[in-house]
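First to last, the sequence lines map onto chains Z and G.
So the mapping is simple: the working numbering equals the position in the first sequence, first residue as 1, plus 1021.
So the mapping is simple: the working numbering equals the position in the second sequence, first residue as 1, plus 660.
Quick reminder that beta carbons are idealized off the backbone N, C-alpha and C, glycines included.
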Amino acid sequence: MAPDIIAIDGGSTDSGPFYLGTGTCKYARASIKREWAMLMRARARLGVPLLIGTAGTCGVDAMVDWMLEITAEIAAADPAGVGAALQVATLKSSQSPGTLAEQFSQGAISALEGAPNIQAADFAGCSQAVALAGAEQIQAALETGADIIIAGRATDTAVIAALPLARGCHAGGAWHGAKIGECGALATDNPGSGAILIEFDEAGFTVQPTGAGVQASPHTVSAHMLYENADPFVLYEPGGYLDVTDARYTALDPRRVRVEGSAWVPTDAYTVKLEGARQAGFQTVSLVMVRDPHYVAHIKDWVEELEAVFRAREAPNIAADFALEFRLMGQDATLGALETQAMSRVRGGGSGVHEVGVMAIITAATQGQARDIARLLNPYLLHFPLTENEPMPTFAFAFSPPEMDRGALYEFQLNHVLRLEDPMAAFVLETHEIGASA
Amino acid sequence: LSAGTGLVREIRSKNAGPFWVTIDVFCHDAEAFKIVRNRLETVEVAWALQADPLRLKRFDIADLHVIKFSLPRPQVQGARLDRDMHGASFAVLVQEVLEAAGGTG
């Protein structure tokens, strides 16, 4: 069976705000190019559209251009394999932070549950902002007849749901099948086995793994609605929401699962979700290892006293505002105040911990300021005694220099939706000719 | 987080976007689901996560033998004070609640 489209979700917020904040891709250009070339060759063999959404991890306009550039390089290098003349559609999702601030002031933007309490100026302060395209915008790109569609930020599901919806398939089934398919073989018994094939029709959809020996079951398919979803039954999308409360999952055979009963519920207003990130200073990190049993046993006291003395002595030497945070690796670095097993909270004082990594994180307005404060802190991390009446200790640094510049810190800023009268109003669709005839 | 071969097959936690985290407790079968559902008190889970019980969403999904909790992240993903970019470690705390209530096996 041949597919009607090869559709890929190419991005996520899951790796953190850095990629949106900087408008960059998480992965190496060479690996993106290698895998995209394979897909372009598959597209040429099958004669179907190739579609990627949220290009370059974050899906800003610059990443769409970056993917277009990679596509053109591949087309120039391998015209026999990928097609001599290709039409490419690009769908851009970046939003002007200044325009978003105006739209917020005009009441066109509203907060979702759990959103930060922010004002118009906070929108303007984003270094990058995007709107998530839904099925309507992806369908507009498909309607150009392009061989390849490179979309900026889009919902994971819209990239897959757009074509079956355009062809009149069951709307609930199209969105539900798209959610099941957005992580590929994660909805099977072998999550690392690659792609899955989804057949959409007028009543629902059927899931079939493509890997040899891989099976999908009602359990593996239905369980995927739990993944990265706060609500396992409802998924909000532009223009409505998917409700799978009454979905029925049936094993057609040991490999394939049939799903019917999912519902698409349109909403009165058409909204698209916004994402934005802002720069929140620069960071430098120092990591010192403490192995002396006496210090390990009193590590909390040591760090608290070290910080108090450092701030008291060095405050006159630091003109800049800064934040200093210690995390005790092997103690509570992962969970912080939620940790239940730290030595200080275990009756009897310990649970076999014999070393602690002390990570000091300095955040300041510039990289130079953060680095200078880390350098001021260094002698304390190296030699600070637990009490005045004991020999000067020395602790272990793995590197020279010991401090590590992390660069800019970015933070997610927006958890909001933008109301649109025309779904295309916040997006830009263009077509390009590449390859031999360009 | 593999929780052994007794009542619970796996407990996992993951971001649900940058502002929420979700925790799934997968039980082995319907009988295990009933036992775990009764052992996992929502107020105890909220206490372990230091979350407002009114903002901790709970879903008991009998068909899948899953108990799911969702809550706003204590720190927005990647913010200066966030310690766990993918929300991976919250599962450990739910496992500890379950063990304190009678175990996972």
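When DSSP states are grouped into helix, strand and coil, G:GLN755 belongs to the helix group. For a Cβ distance threshold of 8 Å, nothing in chain G lies close to Z:ALA1206: the least Cβ distance comes to about 17 Å. Going by DSSP, Z:TYR1040 is part of the alpha helix (DSSP H) stretching over 1039-1043. A Cβ-Cβ contact shorter than 8 Å links Z:ASN1436 with Z:ALA1132.
Every candidate alpha helix (DSSP H) stretch fails here, since none sits fully inside the stretch 1253-1307 of chain Z while reaching 4 residues. Identification of chain Z residues near G:GLN737 by a Cβ-Cβ cut-off of 8 Å yields THR1034, GLY1037, PRO1038 and PHE1433, ordered along the chain.
Comparing alpha carbon positions, the residue from Z:ALA1208, Z:GLU1223 and Z:ASN1250 closest to Z:PRO1230 is Z:ALA1208. Interface flag for G:GLN710 against chain Z is set, since a Cβ pair is found closer than 8 Å. Z:PHE1343 and Z:GLU1249 have their C-alpha atoms spaced approximately 34 Å apart. The beta carbon of Z:ASP1252 falls within 8 Å of a beta carbon belonging to chain G, placing the residue at that interface. Z:ALA1028 and Z:LEU1071 have their C-alpha atoms spaced approximately 6 Å apart. Take G:ARG669, set aside five residues on each side of it, and the residues of its chain with a beta-carbon closer than 6 Å to its own are PHE686 and HIS688, in chain order. Listed in chain order, the non-local C-beta contacts of Z:PRO1414 below 7 Å within the same chain comprise ASP1313, TYR1316, HIS1404 and PRO1406, local neighbours out to five positions each way being set aside.
In its chain, beyond the 5 residues on either side, ALA1179, ALA1182, ALA1183 and LEU1186 have a beta carbon closer than 6 Å to the beta carbon of Z:ALA1156. Around the Cβ of G:ASP684, a 10 Å sphere holds 16 or more other Cβ atoms; the residue is buried. The DSSP assignment places 1071-1078 and 1106-1113 as complete runs of the beta strand (DSSP E) inside the stretch 1040-1128 of chain Z, in order along the chain (cut-off: 3 residues). Separation of the CB atoms of Z:ALA1172 and Z:ALA1162 is rounded to 6 Å, and the pair is thereby assigned contact status at 8 Å.
DSSP places Z:PHE1448 outside any alpha helix (DSSP H), giving it a letter other than H or E. Counting along the chain, the unbroken alpha helix (DSSP H) around Z:ASN1399 starts and ends at 1388-1404. In terms of Cα proximity to Z:LEU1041, the closest of Z:MET1084, Z:ALA1058 and Z:TRP1057 is Z:MET1084.
Shown here, Z:THR1241 sits in a helix according to DSSP, grouped into three states. In this structure Z:ARG1276 is in contact with Z:GLN1236, their Cβ atoms being roughly 5 Å apart against a cut-off of 8 Å. Annotation for Z:PHE1343: the continuous beta strand (DSSP E) segment containing it runs 1343-1350.
Restricting attention to Z:PHE1420, Z:GLU1442 and Z:SER1033, the CA atom closest to the CA of Z:CYS1204 is found in Z:SER1033.
Residue range 1225-1230 is occupied by the beta strand (DSSP E) that includes Z:GLN1229. The beta-carbon of G:THR682 is placed less than 8 Å from the nearest beta-carbon of chain Z. Distance from the CA of Z:LEU1439 to the CA of Z:SER1126, rounded to the nearest whole angstrom, comes to 12 Å.
DSSP, read as helix, strand or coil, puts Z:GLU1409 in coil. Under the Cβ criterion (8 Å, minimum of three pairs), the stretch 1240-1260 of chain Z counts as touching the stretch 1277-1295 of chain Z.
Taking every protein chain shown into account, the CB of Z:HIS1319 has 16 or more other CB atoms within 10 angstroms, so this residue is buried. With a cutoff of 8 Å on beta-carbon distance, Z:GLU1296 and G:ALA739 are scored as not near each other. Of the candidates G:ARG699, G:GLY762, G:GLN755 and G:ALA761, G:GLN755 places its Cα closest to the Cα of G:ILE671.
Under the rule that a run must span 4 or more residues, the alpha helix (DSSP H) segments found entirely inside the stretch 690-726 of chain G read 690-699 and 702-708. In the three-state reduction of the DSSP assignment, Z:GLY1194 falls in the helix class. Closer than 8 Å at the C-beta level to chain G, one finds these residues of the stretch 1230-1252 of chain Z: HIS1240, SER1243, ALA1244, LEU1247, TYR1248, GLU1249, ASN1250, ALA1251 and ASP1252. Per DSSP, reduced to three states, the secondary structure at Z:ALA1417 is strand.
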